[in-house]
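A.B. asks: Each residue of the sequence shown is one higher than the last, beginning at 1088 in the working numbering.
We put the beta carbon where it would ideally sit given N, CA and C, even for glycine.
These numbers come from a predicted model, not from an experiment.
Could you have a look at this structure, given as structure tokens, before my questions?
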Amino acid sequence: MELTDAMRTQHACRYYKPDAVPEQVFYNAVEAARFGPQGGNRQPVRFLIVTDAAKKLQLQEWYLQPWKAYFEAASSGQDEILADSGDVKSTHITMTNPQKSLADADNFADHYGEHPAIVIVLADLEDTHPTDTDLGRLSIVGGASVYTVAQNFCLALRDQGVATTLTTLLCMFEPQVKELFNIPENLSTAAFIVAGYPEKSFPTKLFRRPVEEMAFLDSFDRPLGQG
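Quick look at the structure:
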């Protein structure tokens, strides 16, 4: 499929068919994803594809702990993410129906371990070389050598008809995850990508901010595309 079509329809899928994804499909995805840009070509990323039923259910048990706390807060209006879904600055915010989006995400969580595969994205932090650790804020630069590859992986799966959802709650359980899967000490968890064939067709339109609200030319008061 065309790259831009994959980019425009690679959504966070909440409902999957029970069909297993062949190992070769994951191999193909990693084969393509590994060419993502990485600082110094240090290649810090590793993938662990989990299909074992018992291990997936263990991941679900851990995932549900922080998720249910979030769900309760969001349902009662205490969570700022759901509250911000009606941002007055834009009419193109992510959720057109926040309550349905929340319910879909909750169903996704309740069946987290039943989805066909959970792909653990790992990184050797010694090979990420962040340059923003002394700025007095959360460091984000290290992810530049990790999430580029993770997104490539999701796009490569999309190209093969496989849907994904990138999650991070399980990173809170990194010590337990590393013990369960015999993960080497030098690797850290960066994401957990649920993967499988979508229950419904891929979307034809995703709601995002318009270009003029997220890109600027030479100065932040000059939106891109306005001449």
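Find the nearest neighbour of F1303 within the set G1126, G1314 and E1089, judged by alpha-carbon distance.
C.D. replies: It is G1314.
A.B. asks: Check the C-beta distance from Q1097 over to C1241 and give it rounded, since I have them as a contact under 8 Å.
C.D. replies: Yes, they are in contact, since the Cβ atoms of Q1097 and C1241 sit about 6 Å apart, within 8 Å.
A.B. asks: Drop a sphere of 10 angstroms on the beta-carbon of T1251, count the other beta-carbons inside from all chains shown, and report buried for 16 or more, exposed for fewer.
C.D. replies: That one is buried.
A.B. asks: In the stretch 1106-1160, which residue ranges form an unbroken beta strand (DSSP E) of at least 3 residues, counting only runs that do not cross its ends?
C.D. replies: Taking only runs of at least 3 residues, the beta strand (DSSP E) segments lying wholly in the stretch 1106-1160 are 1132-1137.
A.B. asks: Below 8 Å, can you find three or more Cβ-Cβ pairs linking the stretch 1261-1274 to the stretch 1184-1194?
C.D. replies: With a cut-off of 8 Å, the stretch 1184-1194 and the stretch 1261-1274 do not count as touching, because too few Cβ pairs lie within range.
A.B. asks: In terms of DSSP beta bridges, what is F1279 paired with?
C.D. replies: Bridge partners of F1279: I1207 and T1254.
A.B. asks: Within this structure, are the beta carbons of L1146 and I1205 separated by less than 7 Å?
C.D. replies: Taking 7 Å as the Cβ cut-off, L1146 and I1205 qualify as a contacting pair.
A.B. asks: Identify the continuous alpha helix (DSSP H) that holds P1262 and give its terminal residues.
C.D. replies: Start and end: E1261 to L1267.
A.B. asks: Report, in whole angstroms, the separation of the C-beta atoms of V1208 and V1132, which I expect to be a contact under 8 Å.
C.D. replies: Correct: roughly 7 Å between the Cβ atoms.
A.B. asks: Within the continuous alpha helix (DSSP H) that includes Y1234, where are the two ends?
C.D. replies: Y1234 to D1246 is the span of the alpha helix (DSSP H), which, as asked, contains Y1234.
A.B. asks: What are the boundary residues of the alpha helix (DSSP H) that D1193 is part of?
C.D. replies: Start and end: P1185 to D1197.
A.B. asks: Using the Cα positions of S1288 and A1116, report the straight-line distance between them to the nearest angstrom.
C.D. replies: Near 20 Å, if we compare the C-alpha coordinates of A1116 and S1288.
A.B. asks: Quick one: residues in its chain with C-beta nearer than 7 Å to the C-beta of D1106, no 5 flanking neighbours on either side, listed in chain order?
C.D. replies: Taken in chain order, the residues that qualify are P1203 and Y1284.
A.B. asks: Which value, in whole angstroms, describes the spacing of the CA atoms of V1112 and S1306?
C.D. replies: Answer to the nearest angstrom: the Cα atoms are 44 Å apart.
A.B. asks: Please report the Cβ distance between K1155 and E1286, rounded to the nearest whole angstrom; I am assuming they are in contact, meaning their Cβ atoms lie under 8 Å.
C.D. replies: Not confirmed; about 23 Å, so no contact.
A.B. asks: From the DSSP output, read off the bridge partner residues of A1099.
C.D. replies: DSSP output for A1099 lists T1251 as bridge partner(s).
A.B. asks: Go ahead and pull the three-state DSSP assignment for L1304.
C.D. replies: Looking at L1304 - three-state DSSP - the assignment turns out to be coil, as it is neither helix nor strand.
A.B. asks: In angstroms, rounded to a whole number, what distance separates the CA positions of K1142 and A1093?
C.D. replies: So the two alpha carbons sit approximately 30 Å from each other.
A.B. asks: With 16 as the cutoff for other CB atoms within 10 Å, does G1163 come out buried or exposed?
C.D. replies: Sequence inspection shows Ser at residue 1163; the Gly mentioned does not correspond to that position. Exposed, since its Cβ has fewer than 16 Cβ neighbours within 10 Å.
A.B. asks: Mind reading off the beta-carbon distance from A1210 to G1126? Whole number of angstroms is fine, and I expect it under 8 Å.
C.D. replies: With a Cβ gap of about 12 Å, A1210 and G1126 do not count as contacting.
A.B. asks: For R1245 and P1290, I'd like the C-alpha separation in whole angstroms.
C.D. replies: So the two alpha carbons sit approximately 12 Å from each other.
A.B. asks: Given a threshold of 16 other Cβ atoms within 10 Å of its Cβ, counted over all protein chains shown, does G1173 qualify as buried or as exposed?
C.D. replies: No answer about G1173 holds up, because its pLDDT of 39 lies below 50 and its placement is not dependable.
A.B. asks: With the cut-off set at 7 Å, would you say V1281 and G1123 are in Cβ contact?
C.D. replies: For V1281 and G1123, no; Cβs fall outside 7 Å.
A.B. asks: Out of curiosity, what's the CA-to-CA distance linking L1274 and Y1199?
C.D. replies: About 23 Å.
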